[in-house]
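If you read the sequence shown in the numbering used here, its first letter stands for residue 711, the second for the next number, and so on.
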Amino acid sequence: MFAKPFATVLLSVACLPVYAQCEATVEANDAMQFNVKEITVDKTCKEFTVTLKHVGKLPKTAMGHNWILTTEADFQPTATAGMAAGAANDYMQPNDARIIAHTKMLGGGESDTVTVDVSKLAAGQNYTFFCSFPGHWAIMKGTLKVSS
Ligand SMILES: [Cu+2]
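What follows is the structure in structure tokens.
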């Protein structure tokens, strides 16, 4: 019954021109690691969506992970301010203008999605994404760039 319409859908998808991938999935685990170290955003994307998946089992209080985007220069001061803001604020200084985008803090098995407005990103500028949980951001960080 459904075979014919399904085949038609498949065919039309296959015939579409190749569009830029305007999304990325980042996994974080109980070993305090992101599985992605570098993200390149195609400049033709209007919005870029990042999904963070905590694929571990530990609770947020012991092994919480988030995904925060700042410029490379803002990364360390933003992470330090987040630590001072404490667990009640998910280790983010409230209303911190340096934070371009962020997910919420996740425990094992949870996920969250954030959309980045690509018009706020500059080509040629390096951005840093990191987890602001205390002790994590020295290891849990990577680079995001806009393709030129
Ligand atoms: Cu973390």
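Beta carbons: idealized from backbone N, C-alpha and C, even for Gly.
Which of helix, strand or coil DSSP assigns to residue i
i	result
K767	coil
F867	No answer is possible for residue 867: the residues shown for the chain start at 711 and end at 858.
T790	helix
V746	coil
S857	coil
A811	strand
A848	coil
A772	helix
Buried versus exposed, by CB contacts within 10 Å (16 or more), residue i
i	result
L854	buried
D784	buried
S842	buried
G774	buried
A772	exposed
T780	buried
Beta-carbon gap between residue i and residue j smaller than 8 Å
i	j	result
A811	V828	no
T838	E782	yes
P769	G818	yes
M850	Q743	yes
D800	G766	no
Selection from the options that minimises the alpha carbon distance to residue i
i	options	result
P804	T788, T823, G818 and V824	T788
H764	A832, F758, W777 and K851	W777
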